[in-house]
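Visitor: Just so we're aligned: the sequence shown equals residues 1 to 466 in the UniProt record's numbering. Using N, Cα and C, we set each Cβ at its ideal position, and we do this for glycine too. All values derive from a computational prediction rather than experimental measurement.
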Amino acid sequence: MSKTKIVATIGPACESDESIRAMITSGVSVFRFNTKHNESAWHEEAIGHVRKIAQEISIPTGILVDLQGPEIRVNTPEKKPLSVLKDQKVIFSYESQPNGFCIPTRQLYEALSVGVVVVIDDGKYVFTVTKVTKESFTARATEDYTISDRKGMNVPGVRIDLPLLTSRDHTMLEMCERVNPDFIALSFVRDKNDVLHLREELSQRNLSAHIVSKIEGKQAIENIEEIIDSSDAIMVARGDLGIELPFEQITYWQKLIIKRCRLASKPVITATEMLQSMVENPRPTRAEVSDVSNAVFDGTDATMLSAESATGTYPVQAVRVMEKIASFNEGKSFVPSATSAESSDQTRVMTHAVVDILEHLKNFTIDAVVVFTETGRTVRDLSRFRSHIPIYAITENEQIQNQLTLSYGVIPFLVSLPVGVVLEIDSVVTMLKEKKILSEGKRVIFVHGDHWKIPGLTNTITIKEV
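As structure tokens, then:
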């Protein structure tokens, strides 16, 4: 399997047990549950199916619940597609109406002014505002459009004061209390305060899920450093980002965000339309192959499938194509360095030492790096160097195991460790051989502490031939 991880969105095209099993064995490491669609009961049941199948085939698989967040959605009459003509003036109102669109978001009407451009469905449909009242606005269509129900709306350059979490989000968080997901994605993050707000919400609900902050707007770009620092992982959500920013800037910001995430040892997902044509076609376009390849060259931890897997005609094939592209290109040594300034942090000193050893042992092939971890921190810090050598993460915490499925080059294992004793490396090797994690003749670097189960005290590197 590729060292670059694959996040796949689950939906009607791939919700069967057969499809889930095929997607996991083809390379999916994390399943994304998009809570914009379906009710909480559907997500809860589907999460159960994924976990059951992952356990049956003994492949750790992460669960990511993606909260809708403060989005603006356009409702059509009777939920049917509505057609408009070029230059036609259309009414968007707070209340439902037979011949126009309904947007039940009062803050929108307060923020708009004549001349502002509003866009729908990732920029496919563009309107210019011609009139605004307290509960409606009129806008002129720039082309002929047919717009389906529940499409998202953006207003580039206009700040709309919406609550961070909607009532729907709170319902989904109640569901999360029952299923305990590994990751929760937060939409339209603006600054670190949004991340801290969600972290407090999760703490009150006794949830230890990692927070994935979605970078989707100009304000997030302006505060990118503090958002990365306060988050557990980042998603470069290029759909909305490509609306909020000029499209020619997207590639630049993708590369910069990935680089900064690697320097901070935070997993980063590159998302949106990576293999979009495979929603309908069995083969990707050449441009899509280049897009996935370039994300790998940038050093992304993961690439993501959205509609390709959720509603597309070829969900399993899309996974296989993405895995094939990543596997070929990640070994071509184009990934930029993630070496940061000197640090007195013990974890970073240890991981730098491991990388130095790997670079200098030219005539002594290392087959794997084995890291014993309580929190996953050392593993993630080592992962950022994007070594060609696999990292085996040994933990006895199932959620830590699942959270490490998002990190580049990491193969996590769930192992029950001895209690309260000094770590003895020969006993460790015997145990890992018995569990078929290591085999005879392998040359391995072990990264560990003097004792089991003491977080933050990783202080020893041992090189051993099994």
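Looking only at DSSP bridge pairs, what is Thr146 linked to?
Guide: The partner list for Thr146 (beta bridge, DSSP) reads Ser83.
Visitor: In whole angstroms, what separates the C-alpha of Thr201 from that of Ala185?
Guide: For clarity, residue 201 is Glu in the given sequence; the question names Thr instead. Cα to Cα, the separation comes out at about 13 angstroms.
Visitor: With burial defined as no fewer than 16 other Cβ atoms inside 10 Å of the residue's Cβ, what is the status of Gly441: buried or exposed?
Guide: Gly441 should be labelled exposed.
Visitor: Return yes when the Cβ of Ser113 is within less than 8 angstroms of the Cβ of Val132, no when it is not.
Guide: Contact flag set, yes.
Visitor: In the DSSP assignment, find the unbroken alpha helix (DSSP H) run with Glu78 in it and report its ends.
Guide: First-last for Glu78: undefined, no H or E at that position.
Visitor: Using beta-carbon positions only, say whether Gln219 and Leu162 come within less than 8 angstroms of one another.
Guide: Going by C-beta atoms, Gln219 is not nearer than 8 angstroms to Leu162.
Visitor: Please state whether the Cβ-Cβ distance between Ala233 and Val268 is less than 8 angstroms.
Guide: Yes, Cβ-Cβ distance for Ala233 and Val268 is below 8 angstroms.
Visitor: Is the number of C-beta pairs between the stretch 169–184 and the stretch 371–390 that are closer than 8 angstroms three or more?
Guide: Verdict: no, contact absent.
Visitor: Could you check how far apart the C-beta atoms of Met1 and Glu323 are, in whole angstroms? I think they sit under 8 angstroms.
Guide: Confirmed, about 7 angstroms.
Visitor: Any idea what DSSP makes of Thr347, helix, strand or coil?
Guide: Three-state result, Thr347: helix.
Visitor: Quick one: using the 10 Å Cβ neighbour count with 16 as the cut-off for buried, is Pro98 buried or exposed?
Guide: Answer is exposed; the Cβ neighbour count stays below 16.
Visitor: By how many angstroms is the C-alpha of Gln254 removed from the C-alpha of Val371?
Guide: Distance between the alpha carbons of Val371 and Gln254: 30 angstroms.
Visitor: Assign Ala353 to one of two classes, buried (16 or more other C-beta atoms within 10 Å of its C-beta) or exposed (fewer than that).
Guide: When all chains shown are included, Ala353 counts as exposed.
Visitor: Ignoring anything shorter than 3 residues, give me the beta strand (DSSP E) runs that lie fully in the stretch 30–100, in order along the chain.
Guide: Whole beta strand (DSSP E) segments, 3+ residues: 62–66, 72–74, 82–84, 89–93.
Visitor: For Ser187, does the count of other Cβ atoms within 10 angstroms reach 16, so buried, or fall short, so exposed?
Guide: It counts as buried.
Visitor: From Ile24, Leu67, Gly242, Ser265, pick the residue whose C-alpha is nearest to that of Glu225; which is it?
Guide: Of the listed residues, the one whose Cα sits closest to Glu225 is Ser265.
Visitor: My output table needs one value for Leu196: the three-state DSSP class, helix, strand or coil.
Guide: Three-state result, Leu196: helix.
Visitor: Just the C-alpha distance for Lys3 and Ile59, rounded to the nearest angstrom, thanks.
Guide: Near 15 angstroms, if we compare the C-alpha coordinates of Ile59 and Lys3.
Visitor: If distances are taken between C-alpha atoms only, which option among Ala393, Ile243, Thr146 comes closest to residue 468?
Guide: This structure does not reach residue 468, given that the chain is present from 1 up to 466, and the question cannot be answered.
Visitor: In whole angstroms, what separates the C-alpha of Asp367 from that of Ile389?
Guide: Approximately 6 angstroms between the Cα atoms of the pair.
Visitor: Would you please state the rounded distance, in angstroms, between the beta carbons of Ala209 and Val236? I believe it to be under 8 angstroms.
Guide: Between Val236 and Ala209 the Cβ distance is about 20 angstroms, and since that is not below 8 angstroms, they are no contact.
Visitor: In whole angstroms, what separates the C-alpha of Gln68 from that of Arg168?
Guide: Those two C-alpha atoms are separated by around 8 angstroms.
Visitor: Mind checking whether the beta-carbon of Val179 lies closer than 7 angstroms to any heavy atom of the ligand ZN?
Guide: By its list of ligands, the structure shown contains no ligand whatsoever, and the ligand ZN lies outside what it can speak to.
Visitor: Within this structure, are the beta carbons of Ile412 and Gln399 separated by less than 8 angstroms?
Guide: At residue 412 the sequence reads Pro, which differs from the Ile that was named. It is not a contact, given that the beta carbons lie outside the stated cut-off.
Visitor: Measuring only the C-alpha atoms, how far is Asn193 from Arg178?
Guide: Rounded to whole angstroms, Asn193 to Arg178 spans 26 angstroms at the Cα level.
Visitor: Just verifying my parser: in three-state terms, what is the DSSP assignment at Phe137?
Guide: Residue state, collapsed to three classes: strand.
Visitor: Is the stretch 77–87 close to the stretch 41–50, with three or more CB pairs under 8 angstroms?
Guide: Judged by Cβ distances under 8 angstroms, the stretch 77–87 makes no contact with the stretch 41–50, as fewer than three pairs qualify.
Visitor: Phe101 to Asp144, Cα distance in whole Å?
Guide: Roughly 16 angstroms between the two C-alpha positions.
Visitor: Can you tell me whether DSSP reads Met1 as helix, strand or coil?
Guide: Met1: coil per DSSP, three-state reduction.
Visitor: Hey, out of Ile425, Thr430, Glu434, Ser29, whose CA is closest to Ile461's CA?
Guide: The residue with the shortest Cα to Cα distance from Ile461 is Ile425.
Visitor: Between which two residues does the alpha helix (DSSP H) containing Met278 stretch?
Guide: No alpha helix (DSSP H) holds Met278; DSSP gives it neither H nor E.
Visitor: Val28 and Ala302 look like a contact to me (Cβ under 8 angstroms); what is the Cβ gap, rounded to whole Å?
Guide: At roughly 10 angstroms, the Cβ-Cβ gap does not stay under 8 angstroms, so Val28 and Ala302 are not in contact.
Visitor: Just to check my reading of the structure: Gly123 and Ile243 have Cβ atoms closer than 8 angstroms, yes? What is that Cβ distance to the nearest angstrom?
Guide: Contact holds; Cβ gap of about 5 angstroms.
Visitor: Mark Tyr314 as exposed unless 16 or more other C-beta atoms lie within 10 angstroms of its C-beta, in which case mark it buried.
Guide: Buried.
Visitor: Does the separation of the CB atoms of Ile221 and Ile228 fall below 8 angstroms?
Guide: No. Outside cutoff.
Visitor: Quick check on Asn402: does DSSP put it in helix, strand or coil?
Guide: It is helical.
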